[in-house]
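Undergrad: Residue 196 in the UniProt record's numbering sits at position 196 of the sequence shown; the count goes up by one each step and never skips.
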Amino acid sequence: MADRDELQALRGAVADLMAKADGDSWGELAAMGLLGMLVPEEYGGAGAGPVEVGVVAEELGRALFDGPYLSTAVLAVNLIAALGDPAQCEAVLPGIAAGDTRIALAFAEGSSPRPPARPATSARGDDSPVLTGEKRFVLDADGADSIYVLADTASGPGVFAVDTAGPGVTVEPLTTVDQSRRLCTVRLAGAPAIAIGEPGCGVEVFTAALDRSAVALLGEQAGAARRAMEMARDYAKTRYQFGRAIGSFQAVKHMCADMLLEAESAVSAARHVAAAAADDSPGWVADLALAQAYCSEAFVFVGATNIQVHGGIGFTWEHPAHRYLRRARGDAQLFGNPAWHRERYLREIGA
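1. Who are the Cβ neighbours of residue 184 in its own chain at under 7 Å, not counting the five residues just before and after it?
2. Entirely within the stretch 219-299 and at least 4 residues each: give me those alpha helix (DSSP H) ranges in chain order.
3. If you follow the beta strand (DSSP E) that residue 133 is in, where does it begin and where does it stop?
4. Would you mind reading off the limits of the beta strand (DSSP E) that contains residue 195?
5. Figure out for me which residue from 81, 250, 286 and 163 has the closest Cα to the Cα of residue 198.
6. Helix or strand or just coil, what does DSSP make of residue 94?
7. In whole angstroms, what is the alpha-carbon distance linking residue 264 and residue 69?
8. Since residue 39 is in the beta strand (DSSP E), which residue starts that stretch and which ends it?
9. Measuring CB atoms only, is the stretch 222-240 touching the stretch 52-66, in the sense that at least three cross pairs come out at less than 8 Å?
10. Just how far apart, CA to CA, sit residue 3 and residue 48?
11. Going by C-alpha to C-alpha distance, which of 56, 37 and 333 sits closest to residue 13?
12. Give the single residue among 28, 146 and 119 whose Cα lies nearest to the Cα of residue 134.
13. Can you tell me where the beta strand (DSSP E) with residue 173 in it begins and where it stops?
14. Hey, out of 150, 54 and 86, whose CA is closest to residue 200's CA?
15. Which whole-angstrom value is the C-beta distance of residue 161 and residue 196, which I expect to be below 8 Å?
16. For residue 34, tell me which candidate among 74, 1, 66 and 20 has the shortest Cα-Cα distance.
17. Going by Cα to Cα distance, which pick from 108, 26 and 252 is closest to residue 307?
18. Three-state secondary structure (DSSP) at residue 64?
19. In whole angstroms, give me the CA-to-CA distance for residue 234 and residue 228.
20. What would DSSP say about residue 201, mapped onto helix, strand or coil?
21. In the DSSP assignment, find the unbroken beta strand (DSSP E) run with residue 148 in it and report its ends.
22. Count the other CB atoms within 10 Å of the CB of residue 92; is the residue buried (16 or more) or exposed (fewer)?
23. For residue 1, which residues from the same chain have a beta carbon less than 7 Å from its beta carbon, with the 5 sequence-adjacent residues on both sides left out?
24. Which of helix, strand or coil does DSSP assign to residue 85?
25. Quick one, which of 98, 66, 157 and 87 has its alpha-carbon nearest residue 116's?
26. Considering only their Cβ atoms, is the gap separating residue 213 from residue 64 smaller than 8 Å?
27. The alpha helix (DSSP H) spanning residue 11 covers which residue range?
28. Straight-line CA distance for residue 298 to residue 314?
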């Protein structure tokens with residue numbers, strides 16, 4: 001794990017990049033080594049861990065970065081690590097670290113964003129498997145080179161790689177509240193696939209990848225919540241009404257104080273979970289579940305209150321305030337809603 005000075009330098013470098021980013025900054029993220037943070041050094045990455053990724057995610061969240069960082073540089077890498085397939089590591093990880101390869105994960109079906117215990121999507125054929133089924137809420141599938149799919153087999157759920165440009169694959173972008181998070185429906189109709197990892201391990205490895213990747217999502221939520229709070233604070237200090245700054249009014253003071261509490265608590269929760277995941281501390285998954293519930297609701301609260309502090313201008317399309325609330329609403333459902341995470345927390349502690 002990097003020391004405090006190294007983490008601060010990393011935070012500053014990512015913040016500077018986001019401040020000057022113009023258009024597609026994917027290549028710059030790769031050049032700075034940010035896409036290979038979790039990739040082992042032997043495959044061209046930095047071999048870093050959850051704490052470093054959490055720092056990067058906070059700064060990307062502040063800027064509402066809309067590239068496929070979470071899907072490719074975090075989710076896909078964590079899934080490959082969980083699979084433990086050396087051939088897949090050699091074939092895919094160097095391309096991810098270099099910014100040349102983009103991967104999406106397809107596991108959700110129906111109305112749930114979590115991997116089903118027994119997916120309806122099926123794989124047929126042992127030597128040359130083909131997939132049939134429909135996956136929903138697939139993050140960044142419309143720009144991916146390939147998709148890792150959770151599909152059922154005679155041996156249980158497994159993981160399969162599908163070429164997005166191959167036959168039998170249809171990717172349909174979804175219309176969601178947050179236009180900066182590209183979610184898609186993926187339909188598979190006899191799509192040729194390659195089996196990856198051990199047969200029957202699909203649900204376990206996807207769940208493990210989601211848990212490790214949730215550290216980055218928490219960081220994004222915390223960083224974005226803090227930025228929204230700062231937007232409200234700055235506006236309250238500079239917007240004058242009745243001859244005085246609106247921040248001097250008690251009602252606005254209370255809103256800003258509540259936002260500060262929620263945003264800083266979200267940052268503390270996200271960083272605690274990142275450190276616990278890095279140490280593989282006992283019970284860290286319970287902490288993760290509780291933090292996912294808290295950070296989701298805190299970000300929604302801060303995003304909504306930021307608009308309220310801004311008043312009429314906060315509701316306009318041109319002002320960025322609504323973008324933070326949109327991201328907050330989407331993130332609160334991305335890996336499961338707060339109620340699901342609370343139920344998981346109770347299961348984890350044996351309540």
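In this text, a Cβ means the ideal position worked out from N, Cα and C, and glycines have one as well.
TA: Answer, in terms of the structure:
1. For the purposes of this step, residue 184 is taken as the residue at position 184 of the sequence shown. Excluding sequence neighbours, residue 184 sits near 138, 141, 142, 171, 172, 173 and 174.
2. 250-279
3. As a working mapping, residue 133 is identified with position 133 in the sequence shown. Element bounds for residue 133: 130-139.
4. By 1-based counting over the sequence shown, the position of residue 195 is 195. Per DSSP, residue 195 belongs to the beta strand (DSSP E) from 194-196.
5. For this step, residue 198 is matched to residue 198 along the sequence shown. Closest option to residue 198, Cα to Cα, is 81.
6. Locating residue 94 in the sequence shown gives position 94, counting from the first residue. Helix.
7. Taking the first residue of the sequence shown as 1, we reach residue 264 at position 264. Taking the first residue of the sequence shown as 1, we reach residue 69 at position 69. Their backbone Cα atoms lie some 24 Å apart in a straight line.
8. Locating residue 39 in the sequence shown gives position 39, where the first residue counts as 1. Unbroken run through residue 39: none, as it is neither H nor E.
9. yes
10. Residue numbering aside, residue 3 sits at position 3 when the sequence shown is read from its first letter. Residue numbering aside, residue 48 sits at position 48 when the sequence shown is read from its first letter. The alpha-carbon atoms of residue 3 and residue 48 are separated by roughly 12 Å.
11. Here the question's residue 13 lines up with position 13 in the sequence shown. It is 56.
12. On the sequence shown, residue 134 is found 134 positions in, with the first residue counted as 1. Comparing Cα-Cα distances from residue 134 to each of 28, 146 and 119, the minimum goes to 119.
13. On the sequence shown, position 173 is the one that residue 173 refers to. Taken as a continuous stretch (DSSP letters only), the beta strand (DSSP E) holding residue 173 covers 169-173.
14. The residue you call residue 200 lines up with position 200 of the sequence shown. Comparing Cα positions, the closest option is 150.
15. The residue labelled residue 161 in the question sits at position 161 within the sequence shown. The residue labelled residue 196 in the question sits at position 196 within the sequence shown. About 6 Å separates the two Cβ atoms, so the contact holds.
16. Counting from 1 along the sequence shown, the entry for residue 34 is found at position 34. Of 74, 1, 66 and 20, the residue nearest in Cα terms is 74.
17. In the sequence shown, residue 307 corresponds to position 307, counting from 1. Looking at the Cα atoms, 252 is the closest of the given residues.
18. By 1-based counting over the sequence shown, the position of residue 64 is 64. Residue 64 falls in the coil class under three-state DSSP.
19. For the purposes of this step, residue 234 is identified with residue 234 of the sequence shown, where counting begins at 1. For the purposes of this step, residue 228 is identified with residue 228 of the sequence shown, where counting begins at 1. If you take the alpha carbons of residue 234 and residue 228, they lie about 10 Å apart.
20. Translated into positions along the sequence shown, residue 201 becomes position 201. DSSP places residue 201 in coil when its eight states are reduced to three.
21. Position 148 of the sequence shown, counted from the start, is the residue given in the question as residue 148. That run of the beta strand (DSSP E) goes 146-151.
22. Mapped onto the sequence shown, residue 92 falls at position 92. It counts as buried.
23. As a working mapping, residue 1 is identified with position 1 in the sequence shown. Correct list, in chain order: 49, 51 and 278.
24. Position 85 of the sequence shown, counted from the start, is the residue given in the question as residue 85. It is coil, neither helix nor strand.
25. The residue you call residue 116 lines up with position 116 of the sequence shown. When only C-alpha atoms are compared, the closest one is 157.
26. Along the sequence shown, one-based indexing puts residue 64 at 64. Along the sequence shown, one-based indexing puts residue 213 at 213. It is not a contact, given that the beta carbons lie outside the stated cut-off.
27. Taking the first residue of the sequence shown as 1, we reach residue 11 at position 11. Residues 4-20.
28. Working through the sequence shown from its first residue, we reach residue 298 at position 298. Working through the sequence shown from its first residue, we reach residue 314 at position 314. Distance between the alpha carbons of residue 298 and residue 314 is about 19 Å.
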